[in-house]
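To keep things clear, I will list the structure first and then write my remarks on it.
Numbering (my numbering), first residue to last: 368 to 735.
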């Protein structure tokens, strides 16, 4: 510390040493440390202090990787003996335990069997200048403590004042960057700015960030803000760096509205949709471009899904269905295949009965 500029500007009126004036030194140190912790509490309430526990190194690695005595190496500078080093360790241990026990602080342990001095240390060969492994291991231990204990959002209020949903901060373009627990609302414009949104529809969404699972993962949920149709819900797990795909949760008893797309092959979220007669005209890959249609999108296997189009009609003779497979990964699809209900081995009676049952179910759902 004598190399610091501020040290040369200080006027020492009386010197206390932990080895020579142990009782007085401890008393003054505790008073100073208590004032320091009070200052941190008042001025830096969100700062976490972690004690880096230490011991003086008795041995060091020479440049030829041999284990040598630190006391012998520094005997002309410090004149320390093994007894002196033991007293220093005792002093350090006393202060560390005082801080941890009285202020409930986390700590990084010292492993005397793995940590040694090193002649190639950039700060020189000294009792507390350790081998490279020490710094790598300490950093890893520090990171683990931060991840497991302190990597929680500091603002844990779930709502804004007055019970309103919180707003996405300016500049955020990815929902995965949002890790503060709470309920948010994304306007149409804000939602469309999110690069990792699950849909392209122009709608507002409630956005929920759930608490962490104890490590670094947490769940995010999107709920479409609408009163006219079934509420679309999407959920995923993320850690801010990597995220699972958005999964749509089945909800409601009404069909879903199709997103703003120009091709049916772009609709890959599993569910029951309805395409109006006006929307059909704008879809490039619709087989007829007429009438309203029910669209059923199956769940995916590893790369593909099934799409089924059912014509909305009350006329038996006009009833039609088309089916095809879509490869989501390659963005390719088969041609639409029309069901032919007059094929061999096909029972028109069974087909009519099935169709009647289907219409009845639709009417019941509509009535509900």
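Even for Gly, the Cβ is constructed at its ideal location relative to N, Cα and C.
Note that the coordinates shown come from a computational prediction; the quantities given were computed from them, not determined experimentally.
{"Check": "Proximity of residue 416 and residue 472 at Cβ, strictly below 7 Å", "Outcome": "yes"}
{"Check": "Length of the line joining the Cα atoms of residue 490 and residue 375", "Outcome": "21 Å"}
{"Check": "For residue 624, the residue or residues it bridges with in DSSP", "Outcome": "641"}
{"Check": "Residue 630 classed as buried or exposed, judged by whether at least 16 other C-beta atoms fall within 10 angstroms", "Outcome": "exposed"}
{"Check": "Classification of residue 515 by the beta-carbon crowding that lies within 10 angstroms, buried from 16 upward", "Outcome": "exposed"}
{"Check": "7 Å Cβ cutoff met for residue 650 and residue 671", "Outcome": "no"}
{"Check": "7 Å Cβ shell around residue 519 - same chain, five flanking residues per side excluded", "Outcome": "Legend: pLDDT at residue 519 = 45, less than 50; position of this residue unreliable, no value from coordinates given."}
{"Check": "Three-way DSSP call (helix, strand, coil) for residue 506 in this model", "Outcome": "helix"}
{"Check": "Euclidean distance between Cα positions of residue 487 and residue 446", "Outcome": "22 Å"}
{"Check": "C-alpha gap between residue 575 and residue 583, whole angstroms", "Outcome": "17 Å"}
{"Check": "Stretch-stretch touch, CB-based, cutoff 8 Å, three pairs: the region 449-466 with the region 426-435", "Outcome": "no"}
{"Check": "Proximity test, Cβ basis, 7 Å: residue 446 and chain C", "Outcome": "Note that chain C does not occur in the displayed structure, where there is just one protein chain."}
{"Check": "Residue 382, DSSP secondary structure in three states", "Outcome": "coil"}
{"Check": "Ranges of the alpha helix (DSSP H) found wholly within the region 642-712, counting only runs of at least 4", "Outcome": "644-649"}
{"Check": "Collapsed DSSP secondary structure at residue 605 in the structure displayed", "Outcome": "strand"}
{"Check": "DSSP-derived helix/strand/coil call for residue 574", "Outcome": "strand"}
{"Check": "Residue range of the unbroken beta strand (DSSP E) whose run includes residue 589", "Outcome": "585-591"}
{"Check": "Extent of the continuous beta strand (DSSP E) to which residue 437 belongs", "Outcome": "Segment 437-440 is the alpha helix (DSSP H) holding residue 437; no beta strand (DSSP E) there."}
{"Check": "Among 602, 536, 532 and 494, the one whose alpha carbon lies nearest that of residue 549", "Outcome": "532"}
{"Check": "Between the CA atoms of residue 513 and residue 506 - distance to the nearest angstrom", "Outcome": "11 Å"}
{"Check": "Expected contact under 8 Å - CB spacing of residue 423 and residue 452 to nearest Å", "Outcome": "5 Å"}
{"Check": "Reduced DSSP category for residue 484 - H, G, I as helix; E, B as strand; rest coil", "Outcome": "strand"}
{"Check": "Delimiting residues of the beta strand (DSSP E) encompassing residue 418", "Outcome": "417-419"}
{"Check": "Whole runs of the beta strand (DSSP E) within the region 423-472, excluding any shorter than 3 residues", "Outcome": "426-428 and 434-436"}
{"Check": "Exposed unless 16 or more other CB atoms sit within 10 angstroms - verdict on residue 502", "Outcome": "exposed"}
{"Check": "Counted within 10 angstroms of its Cβ, other Cβ atoms place residue 591 as buried (16 or more) or exposed", "Outcome": "buried"}
{"Check": "Residue span of the alpha helix (DSSP H) that contains residue 558, given as start and end", "Outcome": "555-560"}
{"Check": "Cβ shell of residue 626 (< 8 Å), same chain only, five flanking positions each side left out", "Outcome": "566, 567, 568, 633 and 634"}
{"Check": "Sequence-distant residues of its chain with Cβ nearer than 7 Å to residue 593 (five each side left out)", "Outcome": "570"}
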